[in-house]
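The next block holds one structure in the form of structure tokens; read it before the comments.
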Amino acid sequence: AQTVTQSQPEMSVQEAETVTLSCTYDTSENNYYLFWYKQPPSRQMILVIRQEAYKQQNATENRFSVNFQKAAKSFSLKISDSQLGDTAMYFCAFMFSGGGADGLTFGKGTHLIIQP
Amino acid sequence: DAGVIQSPRHEVTEMGQEVTLRCKPISGHNSLFWYRQTMMRGLELLIYFNNNVPIDDSGMPEDRFSAKMPNASFSTLKIQPSEPRDSAVYFCASSPGGNVGNQPQHFGDGTRLSIL
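Protein chains in written order, with my numbering: chain G, 130 to 245; chain Y, 13 to 128.
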């Protein structure tokens, strides 16, 4: 079984700053996917970014980028030029890639607060 | 394009009552997932279906919980009898299946369940 650990329960930064959220995972699998989901107070689960484990290049989506270190089993999320709307819970998630769909294993989340 | 639709959005009921949560996945999606979110345990996978067939129900907490997917456009999660510790937000998600890394899970808005 895999586990996902987010060691920062809460973080607070000023608007326009850059912030990095940490995530580590443990698995014996070689093929998998990693995700960051955002959950604002509305409780929607919104996909922020995803990374295929077989790809060495780090994924980027506008202001969001990841630092994927497969050997270290680390998958951090960097948010550049943070905005008030980035305030939310952020969940790191793992999914085994064995062919076909599989469930997500989530970390406990990081509550990110962007201060004006 | 309509997203994953869950009903009801909120449910308050007394201990011992039967509770039925409903989910309509995105049309054309072949995989459906039920998750539970609590403060103590975070987001947990309860069960998932591929092509209407339950694949992994190891996350279902006990026999009081059951899930069905009678057709490709509808699923239910039932709790009978309900207990206060079942209070949580229950999410349904769907994905196209197949090469799921490029086709992530889409979440509904969740059902907040309160058992008194």
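C-beta atoms are modelled at their ideal positions from N, C-alpha and C, and glycine is treated no differently.
Residue i to residue j span [Cα, whole Å]
i: residue 201(G); j: residue 92(Y); result: 44 Å
i: residue 70(Y); j: residue 79(Y); result: 12 Å
i: residue 211(G); j: residue 143(G); result: 8 Å
i: residue 60(Y); j: residue 134(G); result: 23 Å
i: residue 41(Y); j: residue 97(Y); result: 32 Å
i: residue 197(G); j: residue 51(Y); result: 28 Å
i: residue 231(G); j: residue 141(G); result: 33 Å
i: residue 57(Y); j: residue 213(G); result: 30 Å
i: residue 36(Y); j: residue 102(Y); result: 14 Å
i: residue 168(G); j: residue 219(G); result: 6 Å
i: residue 130(G); j: residue 156(G); result: 7 Å
i: residue 23(Y); j: residue 183(G); result: 42 Å
i: residue 38(Y); j: residue 85(Y); result: 8 Å
i: residue 31(Y); j: residue 223(G); result: 30 Å
i: residue 215(G); j: residue 208(G); result: 9 Å
i: residue 186(G); j: residue 166(G); result: 20 Å
i: residue 81(Y); j: residue 87(Y); result: 4 Å
i: residue 153(G); j: residue 221(G); result: 9 Å
i: residue 244(G); j: residue 172(G); result: 20 Å
i: residue 20(Y); j: residue 28(Y); result: 19 Å
i: residue 236(G); j: residue 189(G); result: 21 Å
i: residue 89(Y); j: residue 146(G); result: 42 Å
i: residue 164(G); j: residue 199(G); result: 14 Å
Simplified DSSP assignment, three categories, for residue i
i: residue 213(G); result: helix
i: residue 54(Y); result: strand
i: residue 66(Y); result: strand
i: residue 183(G); result: coil
i: residue 247(G); result: Given that chain G is displayed from residue 130 to residue 245, the structure contains no residue 247(G) and the question cannot be resolved.
i: residue 133(G); result: strand
i: residue 118(Y); result: strand
i: residue 173(G); result: coil
i: residue 222(G); result: strand
i: residue 142(G); result: strand
i: residue 128(Y); result: coil
i: residue 192(G); result: coil
i: residue 241(G); result: strand
i: residue 148(G); result: strand
i: residue 163(G); result: strand
i: residue 107(Y); result: strand
Whole-number beta carbon distance between residue j and residue i, since they are thought to touch under 8 Å
i: residue 151(G); j: residue 194(G); result: That belief does not hold up - the Cβ atoms of residue 151(G) and residue 194(G) are roughly 14 Å apart, past 8 Å.
i: residue 162(G); j: residue 226(G); result: 6 Å
i: residue 106(Y); j: residue 117(Y); result: 7 Å
i: residue 238(G); j: residue 120(Y); result: The pair is not a contact, with the Cβ atoms about 19 Å apart (cut-off 8 Å).
i: residue 100(Y); j: residue 125(Y); result: 6 Å
i: residue 264(G); j: residue 217(G); result: No information on residue 264(G) is available, as it lies outside the stretch 130 to 245 that chain G covers here.
i: residue 33(Y); j: residue 123(Y); result: 5 Å
Residue i: CB within 8 Å of a non-hydrogen atom of the ligand GTP
i: residue 102(Y); result: In terms of ligand content, the structure shown is empty, and the ligand GTP therefore cannot be addressed.
Which runs of the beta strand (DSSP E) at least 3 residues long sit entirely within the region 71-105 of chain Y? Give them in chain order.
At a cut-off of 3 residues, the continuous stretches assigned as beta strand (DSSP E) that sit fully inside the region 71-105 of chain Y are 77-83, 86-91.
Cβ-based contacts, 8 Å cut-off: residues of the region 146-164 of chain G near chain Y:
So the close ones are 162, 164.
Beta carbons nearer than 7 Å to chain G: which residues of the region 30-55 of chain Y have them?
So the close ones are 43, 45, 54, 55.
Threshold first: 3 residues or longer. Then list the beta strand (DSSP E) segments lying entirely within the region 19-46 of chain Y, N to C.
As summarised for the region 19-46 of chain Y, the continuous beta strand (DSSP E) elements at least 3 residues long and confined to that stretch are 22-25, 31-36, given in chain order.
Which of the residues in the region 91-103 of chain Y, read from start to end, lie with their CB under 8 Å from any CB of chain G?
Residues of the region 91-103 of chain Y with a C-beta atom less than 8 Å from some C-beta of chain G are 101, 103, listed in chain order.
Counting only Cβ-Cβ distances shorter than 9 Å, please list the residues of the region 212-224 of chain G near chain Y, keeping chain order.
Here the close residues are 220, 222, 224.
Chain Y contacts made by the region 169-184 of chain G, where a contact means CB separation under 7 Å:
Within the region 169-184 of chain G, the residues whose Cβ lies closer than 7 Å to some Cβ of chain Y are 172, 173, 174, 176, 179, 181, listed in chain order.
In chain order, what residues of the region 61-94 of chain Y put their CB closer than 7 Å to some CB of chain G?
Hits within the stretch, in order: 62, 68.
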